[in-house]
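Per numbering that gives the first Met the number 0, the very first residue in the sequence shown carries number 0; after that it's consecutive.
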Amino acid sequence: MLRFWGGWLAVALLVMALLAEEEKPAVTVSQPHWAFVPPKKAPLPRVKHTDWALNPVDYFILERLESEGLRPNPPADKLTWLRRVTLDLTGLPPSVEEQEAFLRDNSPQAWERVVDRLLASPHYGERAALFWLDLVRYAETDGFKADDHRPDAFRYRDYVIRAFNADLPYDRFLRQQLAGDELEPDNPEAIIATGFLRLWPDEYNAANLEQRWQEILDDVTEVTGLAILGLTVGCARCHDHKYDPTTQEDYYRLQAFFAAMLPRDDLTAATAEERQRYEQELRAWEVSARPMLQQMEELVAAKREELRKHALGKFRPEIQQAVLTPLEKRSPYQMQIAHMAEKQLQRAMSEAPTKMPPPLREKYQQLATELQRLPRPAPLPTVMGVCDVGPVAPPTYRLANGDWRKPREQVQPGFPHFLPQVVPDTTVAPGVRSTGRRAALARWLTRPDHPLTARVIVNRLWQQHFGTGIVASPNDFGLIGDPPSHPALLDWLAVELVENGWSLKHIHRLLVTSATYRQSSQVDLSRPEHQRAWEIDRSNRLLWHYPRWRLQGEALRDAMLACSGELQVRMFGPSAKPELPANLSRYAWKPDPLPEQRHRRSIYVYVKRNCKYPLFEVFDQPDLFNSCARRPQTTTAPQALCLLNGEFVRQRALAWAERLLYAYPDSLQALVQHAWRQAFGRPPTPQESELALRFLSQTESGLASTQKLPTDWESRLRQHSQPIRLAAVAELCHALFNTNEFLYID
Numbered sequence: 000m001l002r003f004w005g006g007w008l009a010v011a012l013l014v015m016a017l018l019a020e021e022e023k024p025a026v027t028v029s030q031p032h033w034a035f036v037p038p039k040k041a042p043l044p045r046v047k048h049t050d051w052a053l054n055p056v057d058y059f060i061l062e063r064l065e066s067e068g069l070r071p072n073p074p075a076d077k078l079t080w081l082r083r084v085t086l087d088l089t090g091l092p093p094s095v096e097e098q099e100a101f102l103r104d105n106s107p108q109a110w111e112r113v114v115d116r117l118l119a120s121p122h123y124g125e126r127a128a129l130f131w132l133d134l135v136r137y138a139e140t141d142g143f144k145a146d147d148h149r150p151d152a153f154r155y156r157d158y159v160i161r162a163f164n165a166d167l168p169y170d171r172f173l174r175q176q177l178a179g180d181e182l183e184p185d186n187p188e189a190i191i192a193t194g195f196l197r198l199w200p201d202e203y204n205a206a207n208l209e210q211r212w213q214e215i216l217d218d219v220t221e222v223t224g225l226a227i228l229g230l231t232v233g234c235a236r237c238h239d240h241k242y243d244p245t246t247q248e249d250y251y252r253l254q255a256f257f258a259a260m261l262p263r264d265d266l267t268a269a270t271a272e273e274r275q276r277y278e279q280e281l282r283a284w285e286v287s288a289r290p291m292l293q294q295m296e297e298l299v300a301a302k303r304e305e306l307r308k309h310a311l312g313k314f315r316p317e318i319q320q321a322v323l324t325p326l327e328k329r330s331p332y333q334m335q336i337a338h339m340a341e342k343q344l345q346r347a348m349s350e351a352p353t354k355m356p357p358p359l360r361e362k363y364q365q366l367a368t369e370l371q372r373l374p375r376p377a378p379l380p381t382v383m384g385v386c387d388v389g390p391v392a393p394p395t396y397r398l399a400n401g402d403w404r405k406p407r408e409q410v411q412p413g414f415p416h417f418l419p420q421v422v423p424d425t426t427v428a429p430g431v432r433s434t435g436r437r438a439a440l441a442r443w444l445t446r447p448d449h450p451l452t453a454r455v456i457v458n459r460l461w462q463q464h465f466g467t468g469i470v471a472s473p474n475d476f477g478l479i480g481d482p483p484s485h486p487a488l489l490d491w492l493a494v495e496l497v498e499n500g501w502s503l504k505h506i507h508r509l510l511v512t513s514a515t516y517r518q519s520s521q522v523d524l525s526r527p528e529h530q531r532a533w534e535i536d537r538s539n540r541l542l543w544h545y546p547r548w549r550l551q552g553e554a555l556r557d558a559m560l561a562c563s564g565e566l567q568v569r570m571f572g573p574s575a576k577p578e579l580p581a582n583l584s585r586y587a588w589k590p591d592p593l594p595e596q597r598h599r600r601s602i603y604v605y606v607k608r609n610c611k612y613p614l615f616e617v618f619d620q621p622d623l624f625n626s627c628a629r630r631p632q633t634t635t636a637p638q639a640l641c642l643l644n645g646e647f648v649r650q651r652a653l654a655w656a657e658r659l660l661y662a663y664p665d666s667l668q669a670l671v672q673h674a675w676r677q678a679f680g681r682p683p684t685p686q687e688s689e690l691a692l693r694f695l696s697q698t699e700s701g702l703a704s705t706q707k708l709p710t711d712w713e714s715r716l717r718q719h720s721q722p723i724r725l726a727a728v729a730e731l732c733h734a735l736f737n738t739n740e741f742l743y744i745d
């Protein structure tokens, strides 16, 4: 009996706790958290060794080192620094010609000239885009069970690359993504930019569309908070944040800025002139095609209506009512739900031609074939973007426990109460029928005195170049996020960004031209100064040496293609689909038939949520469903196996060997020298050269004695005039691909 009543008591206590949790007040702090106060630009610190500093960044780093009695590492040699900065800013290794040019330049401005060249390179945008796309969980498929293809997603990726290459001011970059349709409706780039708000994982065939729409709003709100504000606002969806001062009301007030959003797949990136010309050509085509189109519609109309009715019947009565309500009488919320339902209805109706009785199906197909003979104007490029349902937004409610079925009081758009408050400016461009809510949010986020926006992005740039941000938790600047290692430097960089027109290239240039960045990465614990630094700061948060880092999977693939001479540098457009293992290709994609498409840069490789490219996956590509501010860096057996046995790696080694033998047919010594320069950005030491030549000789002798060629290379080797030598050189190239020095940056 006691056990019975004890069980009920436990249940009652749990219910009471949940109810109390719903109404729990947010955390309050006696003083404002450092990240919630606008940054101020402090004077440069006073340091003893001013001769070491190359720019203002170094003063802040040196001050901390000197306060601990530590000294920075000596500078890296020129070729080590060149490989570091080239891979860092472009994701590609420096060519031998670039190495020679840098070695010849003995002027004090040599380093700055390299940085300016790299920042002006189109490859800079391709590299910089990778970090942003991780952050906004970019993919070209929906995810979930169907994982449907998103045919226009690549345009957003291309927009990000173009924006970084053009050094689009970061404030405008954000405004275009949040409200390009409201602020710059005549700018195709701004319309493409709103694809930022369409990157959520989706389940287009979900039956409960009210729940799905709420999940989408939650996703957009959370990712906006993480990517731009660096705050875990999503923790306040069900209850007040346990640690930060974000209340549940704050969360839904922020979400209300997106409440009127309507996903669109029929927007176009064409200019006004292109649209006008297309409409004229389309009208002319319709005049010729009208008789056939009418006949086809008469044949298929009954079946289409039958399929539509059947598909509509799967929804709840409220959803059916939204669809059946005339467009002009729908509420804003009904317009959103009906829009989502229509996607499923249209898909069901599209199957009508294949489900008609055979005589009608044959007649329809004959007309369709005849229609194809009429030259139709090429369709305008479409865009995956958003607009608002109109000038009136659906209401937003605070939801008990985040449950869409439990609305509480209605809330209006507003900013988190612990951040600067302004009256939302909902002004939109003339002629735009929109609420202006997203424009108001964009304006608030990009205020010059905003406490978080500039701090968060300069911290991300610092992380890109030094491995760890000044704030080591880049998506969490809240109360339990990591405190900044150099708070004055973070604020100085944030203000510097705003004062220089929000130019990201300006910050990149500052960081990579600093003495801090030029340091050697070598740590020698036999030296007393390194032993002491190791004991004080083993994690290198004070940056007493440059931190080594490993290439991401994308940069690793690009480096191999660069060595083999197969890298295709064509930019933009539909994604590349490289070769896959046969058993995986059935589920992922059919590879492109031509190497010119398969071997494009990795930023252009097709991104499928449920089936990632194997080399990227094994080298820690994010899960593509969540915002990733910093990729993990694991060391696993599959990585070694992929490099040792992977078909892609083996084929690139053979192609590289062919390239080397073509350039140096008569001198293995010169061949080895060039291979080292391509792979490691430096010449081999005498010992390395001797070992490489011995390896080639022994491998060549062994293959000649057995007359057995590696089976995966055999067909290509047989076509070469020196198959044995080519096989030996290919084995050397394969070994170089597997070295730590190829994988890691000093």
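Note that CB positions come from ideal geometry on N, CA and C, so glycine has one too.
Asked, Found
"Anticipated Cβ contact below 8 Å, GLN335 with LEU398, distance rounded", "About 16 Å separates the two Cβ atoms, so there is no contact after all."
"For ALA41 and LEU230, the rounded distance between their alpha carbons", "25 Å"
"Cutoff 8 Å; reference GLU22; Cβ partners in own chain excluding five residues on either side", "Low confidence applies to GLU22: its pLDDT is 45, below 50, so where it sits in the model is not reliable enough to give any reading."
"Sub-7 Å separation of GLN567 and GLU528 beta-carbons", "no"
"Sufficient close CB pairs (3 or more, under 8 Å) joining the segment 165-174 to the segment 496-512", "yes"
"Chain-order list of residues whose beta-carbon lies under 7 Å from that of ALA337 (same chain, five-residue window excluded)", "ALA321, VAL322, ARG329"
"Rounded Cβ spacing between ARG436 and PHE256 (contact assumed at less than 8 Å)", "5 Å"
"Cβ shell of GLN455 (< 6 Å), same chain only, five flanking positions each side left out", "A quick correction: the sequence has Val, not Gln, at residue 455. Around VAL455: GLY229."
"PRO187 to PRO429 span [Cα, whole Å]", "16 Å"
"Bridge-paired residues (DSSP) for ILE744", "TRP548"
"ALA628 vs PRO473 beta-carbon contact at 7 Å", "yes"
"The segment 638-651 / the segment 199-206 touching (three or more Cβ pairs under 8 Å)", "no"
"ALA662 to VAL511 span [Cα, whole Å]", "34 Å"
"Classification of GLY224 by the beta-carbon crowding that lies within 10 angstroms, buried from 16 upward", "buried"
"For LEU440, the first and last residue of its enclosing alpha helix (DSSP H)", "436-444"
"Nearest-angstrom Cα separation, counted from GLU408 out to TYR516", "52 Å"
"Residues of its chain near SER688, where Cβ-Cβ distance is below 6 Å and the 5 sequence neighbours each way are ignored", "VAL671"
"Where the alpha helix (DSSP H) containing GLY572 begins and where it ends", "It is not in any alpha helix (DSSP H) - GLY572 carries neither H nor E in the DSSP assignment."
"Straight-line gap, ASP218 to ASP622 (C-alpha atoms, nearest Å)", "15 Å"
"Inter-stretch contact (C-beta, 8 Å, three-pair minimum) for the segment 241-257 and the segment 382-402", "yes"
"Span separating the alpha-carbon of PHE736 from that of GLN677", "11 Å"
"CB contact flag (VAL385, LEU196, <7 Å)", "yes"
"Nonlocal neighbours in the same chain, by C-beta distance under 7 Å from GLY401, ignoring five residues either side", "ARG236, CYS237"
"GLY142 beta carbon less than 7 Å from that of ARG608", "yes"
"Cβ-Cβ separation, SER519 to ASN54 (assumed contact under 8 Å), whole Å", "Not confirmed; about 19 Å, so no contact."
"Whether VAL56 touches LEU509 by CB criterion (7 Å)", "yes"
"Per DSSP, the bridge partner or partners of ARG263", "GLY384"
"Per-residue DSSP class, three states only, for THR193", "helix"
"DSSP three-state assignment for GLN409, whether helix, strand or coil", "strand"
"Own chain residues within Cβ distance below 7 Å of TRP80, not counting five before or after", "ARG517"
"Bridge partners - TYR396, DSSP secondary structure assignment", "GLN409"
"Nearest residue (CA-CA) to TYR545, options VAL617, HIS507, THR467", "THR467"
"Backbone CA spacing between PRO93 and TRP548 [nearest angstrom]", "17 Å"
"Best match in PHE624, LEU725, VAL728 for proximity to THR140 [C-alpha to C-alpha]", "PHE624"
"First through last residue of the alpha helix (DSSP H) which encompasses THR515", "514-517"
"MET339: first and last residue of the uninterrupted alpha helix (DSSP H) it sits in", "331-348"
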